[in-house]
């Protein structure tokens, strides 16, 4: 027999698929108490207090027993008299109801929330929790807590991009909780996200007036931020060509498709040969219809026929980050990424351009599963699979006619140029094979060199055409060479050397190092290349090579100049990373800078403050990881702490394994073993962690490197604490302290005292913890180590918190917070904010607790740190 319960709305029971009468009000109230506990016991005292407040009848216990019996018979009609039953069981001087996520909507709601299926979770609600149950029962904390869960999930759904779906529920909830600032802020954010700016302003003003009239306060920062938060809509389309011409028939067919929207994702499959103008048409048409898709314009270049094809999974990762998913929350597998991508775009009116796909299977995972979206796919493949299985509408793009190609050339260089040399213009069209991409590059050359005659270009084409016409790509390669030869010698050399860069954005400083030029000269050369359309400046000081251009440049660079450029580039990243890490983590990197100096001609980044240093490390991380293998572990050592603080532990493991394999001395191997062991410990692979840390200890000890031994001991102690092996951790710290005493390292000694205190906190000995941590504070303050002083102050606060002295704890936490903000250590700032929130919670200051926890969450989400999930749980 199947029994199912509901409490997210009226209290209801289904027995064998049919709804049963729950019974009289007292019985309904009793059932609601059992359900709200979701399988946990409810004592008789709690039941009586809830049902009758302070005035229970003398027969209260008997009434409860009779109600329990009635509920047992209701849920199990075949139960013998006075039998215990299967679902409603006696427990702890009371009763508990056996329920699961399949039998109770509250547990299913929590299960869906944990899976971030917020809209599905909210669909389970049919009204206020335990609707129509007696008010004295529904006002109990357990019921209010479930209501707060509902409100929290509404906010989480807005943050996850489901504002449209939850807006009606948000409006209702905000009406029922008119003074709940976070809830009102989420309603305003949802209204802004869905384009209802006037209503958002009206809601804000109404809340502002209510707050002033009821409690005499102004709106808090969260409300103000929600109102002024601009709607973030991805808009990634490349620029449209003002000179676009032709393709009238294809555009008309595509426009006709929009008038007859299918009940599924509309997909346009544009196929044709390389360089025929598939991308140009796709982008032009996308701009033409962009206003129909207010929720975003997405673009991804799949590089389907290049040497470094972008996989479907990698493309989904790029698109997920574009629509606001932090990189740390992007699933690893293709199926997980596809599911999250389609969930995030559900109900959204978005246009997705999937450019240069290898084939149907390459593009299919990028199709949203919603009728409100449109996808334009371009490929050299005919995409028959998308047409057959996904209902895509094919457009096979052929070469333009000779007249159309000539008209395109005229639009690109000006009609007067073609009119002045008509025969040369027609010969150019002929030798370019009417290929739009080739004509575009020819036009760029003519524009850059106005004195150049079309007759000269036609003559060059006539001479080189046999070699150029081996394949359609060869035509493009030849035309690229004309632009290459048209620029200055410095620009031509820079063009060749840029192909050495591992890919992605190239900064001016990296380009300067590649070419061994001063930064100002390098920037001038890059500007020249950008004008010639050989590189694209997508963002200020951030340049991109088109894949075909990169391939052409790579053919031109000699092995010798590529090797020299690569050495300078690696040196740029190594020394710049050291400069950033030394500024951010001065104590850790005092011995990591190494004796070697930058090569001549290398530009090393200089950072004015911590913000600049951290921003550079974040923006250049992909390049740093790409070149790290060429530094024999030195770059791995330089970014070790950055990766750890960012929570990039998987990247750390890969990087340090490579460093271990390539290190050329014992100290380098020791550092790699130590960093690798610590990262593996972070990922709970403790056996491997212990092995690598033990090897690091042996190597550092053989080198008589007491600083290396000490840090290794501290890493071992940290991981011992993670496994609750506190005595073992204290032994490691004792050895570390001996090393620091031997080297007269005061900061090291103070740091160990703090970490010993933290171990005592974990072990529950808060008195010893205070002694150690307060000693650490005084030592670090005397030594001028701000980071160490802040860390130890936070530890003192944590000890006071566990001693129940939360006012004193907050005082110490705020001291740590001031220092972290001064030195811009944002991760540890977030950590201390979490501790302050816990102290306020212990004091019953729920508003203050939520305020600081939200601040911590904002920081961790911006970092993409995995600890953000823990803070969300605290806020819930």
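In our numbering, the protein residues as written are 46 to 921.
From the three backbone atoms N, C-alpha and C, an ideal C-beta is built for every residue, glycine too.
Values in this document were obtained by computation on a predicted structure and should not be read as measured data.
- By a beta-carbon distance limit of 8 Å, residue 299 contacts residue 313. Their separation comes to about 6 Å.
- The secondary-structure analysis by DSSP pairs residue 63 across a beta bridge with 60.
- For residue 139, the uninterrupted beta strand (DSSP E) run begins and ends at 139-142, by DSSP.
- If you draw a straight line from the Cα of residue 431 to the Cα of residue 440, it comes to about 12 Å.
- For residue 421, the enclosing beta strand (DSSP E) begins and ends at 419-424.
- If you ignore the 5 residues before and after residue 455, its C-beta comes within less than 7 Å of the C-beta of 463, all in its own chain and listed in chain order.
- By the Cβ rule, the region 618-637 counts as touching the region 648-665, because three or more pairs are nearer than 8 Å.
- The residue among 413, 421, 343, 869 with its C-alpha nearest the C-alpha of residue 323 is 421.
- For the pair residue 844 and residue 820, the CB atoms are not nearer than the 7 Å cut-off.
- A residue is called buried when at least 16 other Cβ atoms come within 10 angstroms of its Cβ; residue 789 does not meet this threshold and is exposed.
- Here residue 610 has 542, 545, 559 as same chain residues with Cβ atoms under 6 Å from its own Cβ, once five neighbours each way along the sequence are excluded.
- One Cα belongs to residue 423, the other to residue 871, and the distance between them is close to 43 Å.
- The residue among 450, 75, 550, 646 with its C-alpha nearest the C-alpha of residue 106 is 75.
- The alpha-carbon separation between residue 156 and residue 853 amounts to approximately 38 Å.
- Only exposed fits residue 749, as fewer than 16 other CB atoms lie within 10 angstroms of its CB.
- Within the DSSP bridge table, the entry for residue 616 names no partner.
- The way I'd put it, the region 897-907 does touch the region 876-883; three or more beta-carbon pairs between them come closer than 8 Å.
- Judged by DSSP in its simplified three-state form, residue 266 adopts helix.
- In the three-state reduction of the DSSP assignment, residue 649 falls in the coil class, being assigned neither a helical nor a strand state.
- Residues of the same chain with a CB within less than 7 Å of the CB of residue 667, apart from the 5 flanking positions on each side, are 549 in chain order.
- Three or more Cβ pairs drawn from the region 697-705 and the region 718-725 lie within less than 8 Å of each other, which places the two stretches in contact.
- Annotation: residue 407 to residue 910 spans about 30 Å, alpha carbon to alpha carbon.
- By the beta-carbon neighbour count (other beta carbons within 10 angstroms, threshold 16), residue 259 is exposed.
- Take residue 91, set aside five residues on each side of it, and the residues of its chain with a beta-carbon closer than 8 Å to its own are 78, 139, in chain order.
- Close CB contacts of residue 183 within its chain, under the 6 Å cut and outside five residues either way in sequence, are with 175 (chain order).
- The Cβ neighbour count for residue 72, taken over all protein chains shown within 10 Å, is at least 16; the residue is labelled buried.
- For residue 862, same chain residues with a beta-carbon under 6 Å away, outside a window of 5 residues either side, are 877 in chain order.
- In the structure shown, the three-state DSSP call for residue 581 is strand.
- Judged by pairs of C-beta atoms under 8 Å, the region 601-617 does not touch the region 564-581, as fewer than three such pairs exist.
- Residue 312 has 420 as its beta-bridge partners, per DSSP.
- The closest CA to that of residue 232, considering only 379, 254, 263, 270, is found on 270.
- The DSSP-derived three-state label of residue 236 is helix.
- Annotation: the continuous beta strand (DSSP E) that includes residue 50 extends over 48-51.
- In the three-state scheme derived from DSSP, where H, G and I count as helix and E and B as strand, residue 644 is classed as coil.
- Comparing alpha-carbon positions, the option among 799, 795, 828, 758 lying closest to residue 780 turns out to be 758.
- In this structure, residue 480 sits near residue 320, with a CB-CB distance shorter than 7 Å.
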